[in-house]
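>
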Amino acid sequence: MLEIKNLEASINDKKILKGLNLSINPGEVHAIMGPNGSGKSTLANVLSGKNGYEISGELKFQGEDLKELPVEKRAQKGIFLAFQYPLEIPGVNTNNFLKTSLNSVLKSKGENELDTLSFLKLVKEKCLELGIDEKILSRQLNVGFSGGEKKKNEILQMKILDPNLCILDETDSGLDIDALKIVAKGVNSSRNKKKSFLVITHYQRLLDYIKPDFVHVLSNGKIVKTGCGELAQELEKTGYEKLN
Amino acid sequence: MKQQELEKVKEYKYGFTTDIESVRAPKGLNEDVIKFISNIKKEPEWMLNWRLKAYERLKNLKEPNWQKPKYPKIDYQNLYYYSAPKSVENKPKDLSEVDPKLIETYKKLGIPLQEQKKLSGIAVDAVFDSVSVATTFKDELTKKGIIFCPISEAIQKHPDLVKKYIGTVIPVNDHYFATLNSAVFTDGSFVYIPEGVRCPMELSTYFRINASETGQFERTLIIADKGSYVSYLEGCTAPMRDENQLHAANVELIALDDAEIKYSTVQNWYPGDKDGKGGIYNFVTKRGACRGKNSKISWTQVETGSAITWKYPSCILQGDNSVGEFYSIAITNNHQKADTGTKMIHLGKNTKSKIISKGISAGFADNTYRGLVDINKKAKNARNYTQCDSLLMGNKCGAHTVPYIKNKSSSAIVEHEATTSKINEEQLYYCNQRGLNQEEAIGLIVNGFCKEVLQQLPMEFAVEAQKLVGISLEGSVG
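Right, here's the structure in full:
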């Protein structure tokens, strides 16, 4: 699914990722943990194709080199990023945004676009499944949403766009326990043999609900340790300090 | 076609020219030309005298020059003031007599005129250069007593109505361009809605400039009698030419007691090329009088075309409890310039006005909102709310807001809000990450920004306008 070899990334001449290696197979859930400033969000940005980064090394998604692909092409090919800080877009109805996005993705795959009725049916179904109040659909995209609502909206979008690789960038930060459960439910109910997840988090808390196959520790732009689920609990006790 | 031309056509799809034989007035502006126009329109003497009075007045007027967009001096003697397809010289009685070339032209513009293909629920008056070539649904409207016809026809057939109202909102001795129009106006629409009648369909005029070196001087007069209602829409396109062409229109609206006029414009004149060569000078005077109590006039404009747009659709709120509204989207890209806004003149008691202006600038364009809220001493409890939002794309364009407020009534409440923002890179990134390409993302964000105005448009046109908003900004980022 995802093949990263010796990835380096800098922004404004500052090197953030310094030779990162990571390989994710279909159906796997990987968690990335690490202290502030270790490069977690940079990794998410670089994978999604955000502008402004100087990049070297190998970056392959489903066998294809990602480096030259613009953000929307990567999204259309099935890379989804749940934002740490989802953006507000005034005047744009959430439903309309979701529908436009989904249809762009479908169109790029050569599939039929959904008409309004079938879309509404789909979106209602997903809201019900996740326990999200449908009211957010008729509101302006993320405008005046609480932190929890914004994150739930990200998970709803993830469900609807049905990507192959889902990257969750600190989706758990600032969430109360109920919202956290919705996020976890969104991930767990989507897990299957074809779909992979990259869960970026500070805390072990989220990993109580989403059981990762692998846990990686990112420090100073590199993965310094990899283990299974227990590694997260260990880190919670000892902190990141000891790893350096 | 050469590659370059192909690209041009892609940018502005209405840029074609209809090859048609036309009758023109001799070049230049003088009494003879005015007499020529009046004569060819078979006008009564009072109309000619009215024109000549305007022309006398014009001689002592100077072009205003306080506006932000400057332009090279216009040589008024080097213009044609009348140009019409030869085939409409003898006015066609119905569509079967209209030159197929003209019908084809409007078809290409998305305005089918033929009986069987007429746009449902919309009556269209099609104005080609200086003449109206066809009006649809006339019979159906006549049954309700509604008059919807070219103004040249109204002058002949309904002289009393025209005489009573023309020049009462924009007087014959107004500013330079308005007075020029009064002297040489050629065609436009006339609408009269009788007392208590709610017009059952949208009325619409489609203006097309075709001939070169020709100015278009449209004159439109709409009268809504007591307790009546009408929604009117105008659309405009022109061929692509390297010269600048002048469109100086006068539009007068009159709403009597309890009447309502909703006037919408989708202006898509040729904006000039990427380097600012060519395009229409859209110098238009639009004014509405809420003459009766509880009357309402609402202007909605989507201005995406023209090299320079310079207009202030205004409301004179004379009747007590009358309401004036102005909803505007002005989009300028490349080297386009706009100086637009409104004037709300509060004279009656409890008069209310609302101004929502959305200016969008991209490329090297410059966009100014200029508005006046003038509240008279007698306008007790008058209220105004103004909101001006500007959106900038890139860092070579400009946005300016110039609101004037004159308030002489101590009980009046005036509110003004203004914002200026840039399209945010992060917003674009967010949309891209959801699979939208750059242009879809911009279209979405800009349509969101304009939403309050777009939702004022009649349904049939809102979708078109939304697309137009996206197209006008194509290629403006990245």
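The listed protein sequences derive, respectively, from chains F and C.
Going by my numbering, the first residue of the first sequence is number 14, and it counts up by one from there.
Going by my numbering, the first residue of the second sequence is number 338, and it counts up by one from there.
Heads up, the beta-carbon is just placed ideally off N, CA and C, and yes, glycines get one too.
Note that this is a predicted model, so its numbers are computed, not measured.
Under 7 Å Cβ-Cβ, which residues of chain C neighbour F/V84?
Y766, N769, Q770
> Select from F/F132, F/F96, F/G47, F/L154 the residue whose C-alpha is nearest the C-alpha of F/G104.
F/L154
> Okay, do the segment 621-629 of chain C and the segment 664-673 of chain C touch, 3+ Cβ pairs below 8 Å being the bar?
With a cut-off of 8 Å on Cβ pairs, the segment 621-629 of chain C is not in contact with the segment 664-673 of chain C, counting fewer than three such pairs.
> Comparing C-alpha positions only, which one of C/T542, C/D511, C/A778 sits nearest to C/C486?
Checked all of C/T542, C/D511, C/A778; the closest Cα to C/C486 is C/T542.
> Out of C/K717, C/M730, C/S690, which has the shortest C-alpha to C-alpha gap to C/G696?
C/M730
> Give the residues from the segment 89-113 of chain F that approach chain C closer than 9 Å (Cβ to any Cβ), ordered along the chain.
Listed by position along the chain: Q89, I92, F93, L94, F96, Y98, P99, L100, E101, I102, P103, G104, V105, N106, N109, F110, L111, T113.
> Say whether chain F places a C-beta atom closer than 8 Å to the C-beta of C/G696.
no
> Cβ closer than 7 Å: which chain F residues qualify as neighbours of C/N774?
E85
> How would you label F/L30, buried or exposed, when you count the other beta carbons within 10 angstroms and need 16 or more for buried?
buried
> Ignoring anything shorter than 3 residues, give me the beta strand (DSSP E) runs that lie fully in the segment 352-428 of chain C, in order along the chain.
359-361, 420-422
> Take F/F96 and list the residues in its own chain whose beta-carbon comes closer than 7 Å to its own, dropping the five residues that flank it on each side.
E167, D182
> Shorter than 8 Å from the beta carbon of C/K788 to some beta carbon of chain F?
yes
> Residues of the segment 58-75 of chain F with a CB closer than 7 Å to any CB of chain C: list them in chain order, please.
S61, K63
> Tell me the residue span of the alpha helix (DSSP H) that contains F/Q170.
160-174
> Answer yes or no: does any C-beta atom of chain C fall closer than 8 Å to that of F/N25?
no
> Would you list the one or two residues that DSSP bridges to C/E571?
DSSP output for C/E571 lists C/T542, C/T602 as bridge partner(s).
> Whose C-beta lies closer than 6 Å to the C-beta of C/S632 among residues of the same chain, with five residues either side of it excluded?
A592, A596, G656, S659
> I'd like the span of the beta strand (DSSP E) that includes C/C725, first residue to last.
720-729
> What does the alpha-carbon distance come out to for the pair C/Y600 and C/P608?
23 Å
> Select from C/I560, C/C787, C/V468 the residue whose C-alpha is nearest the C-alpha of C/Q553.
C/V468
> Could you tell me if C/A699 is buried or exposed, where buried requires 16 or more neighbouring beta carbons within 10 angstroms of its beta carbon?
Taking every protein chain shown into account, the CB of C/A699 has 16 or more other CB atoms within 10 angstroms, so this residue is buried.
> Name the chain C residues that come within less than 7 Å of F/V196, Cβ to Cβ?
Near F/V196 there are no residues of chain C at all, since even the closest Cβ is about 18 Å away, more than 7 Å.
> Taking its Cβ as the centre, do 16 or more other Cβ atoms sit within 10 Å of F/T55, making it buried, or is it exposed?
It counts as buried.
> What do you get for C/V739, buried or exposed, if any count of 16 or more other CB atoms within 10 angstroms of its CB means buried?
exposed
> For C/E763, count neighbouring Cβ atoms within 10 angstroms of its own Cβ and tell me buried if that reaches 16, exposed if not.
exposed
> Determine whether the Cβ of F/V200 lies closer than 8 Å to any Cβ atom of chain C.
no
> Helix, strand or coil: how does DSSP classify F/Y222 here?
coil
> Nearest to C/S375 by alpha carbon, out of C/K399, C/Q493, C/E400, C/K405?
Nearest C-alpha to C/S375: C/Q493.
> With DSSP as the reference, please indicate the residues paired to C/P487 in a beta bridge.
C/P487 is bridged to C/S526.
> Using the rule of at least 16 other Cβ atoms within 10 Å of the residue's Cβ for burial, across every protein chain shown, is F/A44 buried or exposed?
buried
> F/N64 lies in the alpha helix (DSSP H); which residues open and close that run?
No alpha helix (DSSP H) contains F/N64, which DSSP labels as neither H nor E.
> Taking Cβ-Cβ distances below 7 Å as the criterion, which residues of the segment 745-762 of chain C are in contact with chain F?
none
> Inspect the CB distances between the segment 632-648 of chain C and the segment 576-595 of chain C and report whether three or more fall short of 8 Å.
yes
> Indicate the three-state DSSP secondary structure (helix, strand or coil) for C/L810 in the structure shown.
In the displayed model, C/L810 falls within coil according to three-state DSSP, outside both helix and strand.
> Got a sec? Which residues, its chain only, sit under 6 Å from F/G240 by beta carbon, not counting five neighbours each side?
V228
> F/S203 touches chain C at which residues, Cβ-Cβ below 7 Å?
Going along chain C, no residue has its Cβ under 7 Å from F/S203, so there is no contact; the nearest lies around 17 Å.
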